[in-house]
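Enquirer: Just dropping this structure here.
Residue numbers (the numbering used here), protein chains in the order written: chain E, 1221 to 1570; chain C, 1221 to 1570.
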């Protein structure tokens, strides 16, 4: 770990050290709201082709950095590359989201191919190596994966779903197979993240987008416990690499999540009160968040004053500015510019 | 208020007094999972015809009480009768949910007809009067309305929506009209709930189903503040009538909600940890909840042990057993019977 004056601002904040201003990046900062992204997306063909072609994935990862000079770039990929690597092919239909052949039985879990996850995902690691070469030296590189519970919901439902009902019934009802599916996802995710770090990722984030759908008993078992196992295994191989968790919708359970998983940083969704996070989470780890992405569509003073409020409220503890969820396609790029300027100016620290 | 041995168990618990066992009811206990409901629904024609025909609405309200003898019956109606009464007609298309002509401008808000809300909803009050006659004397009668924020999302989006984006942008961006819409909904809801109590409702519940979609600043302004105004006005007219709030998805903000709105009871969604609610909410008011409705689909030991865990954890403070959200149509009625038997047996108090 670097400890001199050139250490990246993002990594300093993630380590809980003092920084000159809040570092920032935005979830889904590479995406459809940018014309240059849409151009590459069209050129690439399918969405997975974009993820699996290092030339394209590097380019779209760099696009927002060129425009807004965030303090961190996040690998362009998708959380469903893991099921894809397990032999459960993922198709992306225009305007419909991902479609998978559902895995709903113990036998279907046994049929998953666990032997070639890292091999299948080789292009992702090449993307990371390319990004380390091309990124400005003060910009950190974030790798990521979906957390097991969230990835399992897509695998079981066969895509997105409003309430993840089938997955919840399988998990909470205790029918055989779901434990094994989670075990497969823990092992695959550990291998995937370790290889991402080997390829140059300086931190990794675990997205548990649907953790809020579980009651507490299930949250402990299917969100906290698998995440703890992943954090432990990744840190055993890479003790210096910080891990960020994002248990979206965890409410007051964010505290248990941070205490029990051992993450170094926690990303909070927009429903979390910044004052509550300052009091209850910042004493435990670095907090990342949490502007509502709709403010980036609104823009203007409403956006800037809400961002300022978050910067002020979380400014006394370790904080990485971010959104509470991904940038939406309707976002005008000039609003992203205005927000980024506010943070670059570091007004919260003055 | 009664204070003798015949006082209804549900109302005693809601007042924070000791009861022999936890009272219970289930959100959406009248509904499609019951064959006898589907029969009446078919006979009624449209969904609003069911709500607005006292004979039918009384019948479907009583159906689950006959089967399971809950401690409370909830008026059969819909939160969208208020926009309907304001002259924004609501259509229910089979399998698609409600459809409304969207209200998205200050002018459209001005066009709402606020003069006949209580008149338009006369059949609902007749239903309540009929229910007071027909309900067993130990079963309490609950009235309800949607909270202004949640009703506004349907009015603005023109129906259900995954992220309430247009409503959030209007509310958070500060364009004119949204404040007025909320004011209209506060006034209409106060009039509606007061008339429900006049017609026999012994408590009223405010459903803020989509409050979890708002960041804290918006939550304070669009969920807590309108709810506080409604609670104040209802209690001014009916100081003895308890009010229950349900800010679904409020996470740690449940505490602020209870403290600032003045509700007598709070319904918690399934993502809330019962132990956290016991420590943080039961000292403030009665807690209602919070079995995940998917457990009622699962049934068996998994359902019963989760229910037992909730009963034990919340059993030392004022508690009304309920679900964290409504019963889903796939629920086998015999699972509801088994759960109800567990609670009738009162094992948590033994």
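Cβ coordinates follow ideal geometry from the N, Cα and C atoms, glycine included. These numbers come from a predicted model, not from an experiment.
Using a Cβ-Cβ cut-off of less than 7 Å, list which residues of the region 1398–1430 of chain C approach chain E; keep chain order.
Expert: Under the 7 Å Cβ criterion, the region 1398–1430 of chain C contributes no residue.
Enquirer: With respect to the alpha helix (DSSP H) encompassing residue 1391 of chain C, which residues constitute its N-terminal and C-terminal limits?
Expert: Where residue 1391 of chain C is concerned, the enclosing alpha helix (DSSP H) stretches over 1385–1393.
Enquirer: Where does the unbroken alpha helix (DSSP H) through residue 1540 of chain E begin, and where does it stop?
Expert: From DSSP, residue 1540 of chain E is part of no alpha helix (DSSP H) but of the beta strand (DSSP E) over 1539–1543.
Enquirer: CB residue 1362 of chain C to CB residue 1423 of chain C, shorter than 8 Å?
Expert: Yes.
Enquirer: Which first and last residues belong to the beta strand (DSSP E) in which residue 1510 of chain C is found?
Expert: Unbroken beta strand (DSSP E) run through residue 1510 of chain C: 1506–1511.
Enquirer: In angstroms, rounded to a whole number, what distance separates the CA positions of residue 1521 of chain E and residue 1509 of chain E?
Expert: Distance between the alpha carbons of residue 1521 of chain E and residue 1509 of chain E is about 19 Å.
Enquirer: Using DSSP bridges, identify the partner residues of residue 1312 of chain C.
Expert: Looking at the DSSP assignment, residue 1312 of chain C forms a beta bridge with C:1318.
Enquirer: Please check if any C-beta of chain C sits within less than 8 Å of the C-beta of residue 1298 of chain E.
Expert: With 8 Å as the cut-off, residue 1298 of chain E does not count as an interface residue toward chain C.
Enquirer: Closer than 6 Å by C-beta to residue 1554 of chain E: which residues in its own chain qualify, once you throw out the five before and the five after it? Chain order, please.
Expert: If we look at residue 1554 of chain E and ignore the five residues flanking it on each side, it has no Cβ neighbours.
Enquirer: Using beta carbons (cut-off 8 Å, strictly below), is residue 1381 of chain E in contact with chain C?
Expert: For residue 1381 of chain E, the answer is no, since every Cβ of chain C falls outside 8 Å of its Cβ.
Enquirer: Taking 8 Å as the cut-off, decide whether the C-beta atoms of residue 1347 of chain C and residue 1277 of chain C are in contact.
Expert: Yes, the pair counts as a contact, with Cβ atoms nearer than the cut-off.
Enquirer: Would you mind working out which of C:1470, C:1536, C:1349, C:1407 sits nearest residue 1334 of chain C, comparing C-alpha positions?
Expert: Out of C:1470, C:1536, C:1349, C:1407, C:1407 has the C-alpha closest to the C-alpha of residue 1334 of chain C.
Enquirer: Does DSSP put residue 1514 of chain C in a helix, in a strand, or in coil?
Expert: Correct three-state label for residue 1514 of chain C: helix.
Enquirer: What does the Cβ neighbour count give for residue 1544 of chain E, buried or exposed, with the cut at 16 atoms within 10 Å?
Expert: Residue 1544 of chain E comes out buried.
Enquirer: Suppose contacts are defined by Cβ-Cβ distances below 8 Å. Is residue 1454 of chain C in contact with residue 1461 of chain C by that definition?
Expert: Yes, Cβ-Cβ distance for residue 1454 of chain C and residue 1461 of chain C is below 8 Å.
Enquirer: I want to know whether the region 1530–1544 of chain E touches the region 1241–1256 of chain E - three or more CB-CB distances under 8 Å.
Expert: The answer is yes - the region 1241–1256 of chain E touches the region 1530–1544 of chain E, with three or more Cβ pairs under 8 Å.
Enquirer: May I ask which residues mark the beginning and end of the beta strand (DSSP E) holding residue 1407 of chain C?
Expert: No beta strand (DSSP E) holds residue 1407 of chain C; the alpha helix (DSSP H) holding it covers 1398–1418.
Enquirer: Indicate whether at least one CB of chain D lies closer than 8 Å to the CB of residue 1562 of chain C.
Expert: Any reference to chain D falls outside this structure, whose protein chains are E and C.
Enquirer: Compare the C-beta of residue 1322 of chain E against all C-beta atoms of chain C and say whether one is closer than 8 Å.
Expert: It does not: the Cβ of residue 1322 of chain E has no partner Cβ on chain C nearer than 8 Å.
Enquirer: I'd like to know if residue 1392 of chain C contacts chain E, where contact means its C-beta is closer than 8 Å to some C-beta of that chain.
Expert: Closer than 8 Å: yes.
Enquirer: Taking Cβ-Cβ distances shorter than 8 Å, what residues in chain E pair up with residue 1388 of chain C?
Expert: Near residue 1388 of chain C (Cβ distances below 8 Å), the residues of chain E are 1512, 1514.
Enquirer: Using the three-state DSSP reduction, which class does residue 1423 of chain C fall into: helix, strand or coil?
Expert: Of the three classes helix, strand and coil, the one that applies to residue 1423 of chain C here is strand, per DSSP.
Enquirer: If you count every other CB in all the chains shown that lies within 10 Å of the CB of residue 1431 of chain E, and 16 or more means buried, which is it?
Expert: When all chains shown are included, residue 1431 of chain E counts as buried.
Enquirer: Identify whether residue 1566 of chain E lies in helix, strand or coil by the three-state DSSP scheme.
Expert: In this structure, residue 1566 of chain E counts as coil in the three-state DSSP scheme.
Enquirer: Which residues in the same chain have their Cβ closer than 8 Å to the Cβ of residue 1514 of chain E, if we skip the five residues on either side of it in sequence?
Expert: So the qualifying residues of the chain are 1548.
Enquirer: Under 8 Å, with one C-beta from each stretch per pair, do the region 1373–1380 of chain E and the region 1314–1334 of chain E reach the 3-pair mark?
Expert: Yes: the two stretches touch, three or more of their Cβ pairs being nearer than 8 Å.
Enquirer: Which class does residue 1465 of chain E belong to by DSSP, given the choice of helix, strand or coil?
Expert: In this structure, residue 1465 of chain E counts as strand in the three-state DSSP scheme.
Enquirer: Step through the CB atoms of chain C and report whether any lies within less than 8 Å of the CB of residue 1356 of chain E.
Expert: Cβ-Cβ to chain C under 8 Å: no for residue 1356 of chain E.
Enquirer: In the DSSP output, which residue or residues are listed as bridge partners for residue 1364 of chain C?
Expert: DSSP, once it has assigned bridges, lists C:1425 as partnering residue 1364 of chain C.
Enquirer: Counting along the chain, where does the alpha helix (DSSP H) carrying residue 1485 of chain E start and finish?
Expert: Note, residue 1485 of chain E: premise wrong, no alpha helix (DSSP H); beta strand (DSSP E) at 1485–1487.
Enquirer: Do residue 1457 of chain C and residue 1414 of chain C come within 8 Å of each other at the CB atom, strictly closer than that value?
Expert: Contact flag set, yes.
Enquirer: Can you say whether residue 1409 of chain E is buried or exposed, counting buried as having 16 or more other CB atoms within 10 angstroms of its CB?
Expert: Label assigned to residue 1409 of chain E: buried.
Enquirer: When burial is assigned at 16 or more other CB atoms within 10 Å of the CB, is residue 1339 of chain C buried or exposed?
Expert: That one is exposed.
Enquirer: Using a Cβ-Cβ cut-off of less than 7 Å, give me the residues of the region 1448–1480 of chain C that come near chain E, in sequence order.
Expert: Result list: 1469, 1471, 1472, 1473.
Enquirer: Who are the near neighbours of residue 1185 of chain E in its chain, counting only those whose CB is closer than 6 Å to its CB and skipping five residues on each side?
Expert: Beyond the ends of chain E as shown, which are 1221 and 1570, falls residue 1185 of chain E; an answer cannot be given.
Enquirer: Counting contacts by CB-CB distance shorter than 8 Å, is residue 1259 of chain C in contact with chain E?
Expert: It does not: the Cβ of residue 1259 of chain C has no partner Cβ on chain E nearer than 8 Å.
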